[in-house]
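So the structure is just underneath, and the comments pick up after that.
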Amino acid sequence: MMKGFKKEIMKNALIKIPVAALALSIWAVSCKSSAPDPATLPKDIAERPVDEASQKYDGAQLDKMRVAIEMMASKEKCSDASQWTFAPIGIKACGGPVSYLTFPKKSEKEIRSRIEDYNRRMSEFNKKYSIVSDCMLAAEPTGVKCQNEKAVLIY
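Residue numbers for the sequence shown follow the numbering used here, beginning at 2 and rising by one.
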């Protein structure tokens, strides 16, 4: 009787060990990080699906971009207005800039590049979500002056 019992235990062990190993392997693989693969994520605002949540998300991303550009532009203190320039920033749904931004000429290449990217993405956002704007043209500045170490637009 004892031999039969040992044989039964060995038979059960031979079945249970591989099953346990398989279950453990599946569990370990399923616990792997579920972070999305960047290659499968949308690369641009225009590729995201249209819904209220995505519009808020895309709008927040545009806001972050604008704040980053404005922070970069305002790092320098203005002491010589001839060393400063300005550019339109933002695109209204019916055309034309939202406003104008001052920045130091020494940072012009980098800031203009970021503004162009921001404007392109804002235009895509406007089209994607059928944004409507007031269509009023922002007054175009004629120059820049320094006031309290800050660059101020002249109209």
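Think of the CB as a built atom: it goes at the ideal place given N, C-alpha and C, for glycine as much as any other residue.
Item                                                                                                      : Value
Coil, strand or helix - residue 27 by DSSP                                                                : helix
Cβ pair count under 8 Å reaching 3, the stretch 103 to 110 against the stretch 125 to 133                 : no
For residue 158, three-class secondary structure by DSSP                                                  : Because the chain here runs from 2 to 156, residue 158 falls outside it and cannot be looked at.
Counted within 10 angstroms of its Cβ, other Cβ atoms place residue 145 as buried (16 or more) or exposed : buried
Among 148, 134, 150, 74, nearest to residue 96 - alpha-carbon criterion                                   : 134
Distance CB(residue 101)-CB(residue 63) smaller than 9 Å                                                  : no
CB-CB length for residue 112 against residue 74, believed under 8 Å                                       : 6 Å
Close beta carbons around residue 78, own chain, < 8 Å, minus the five adjacent residues each side        : 150, 151
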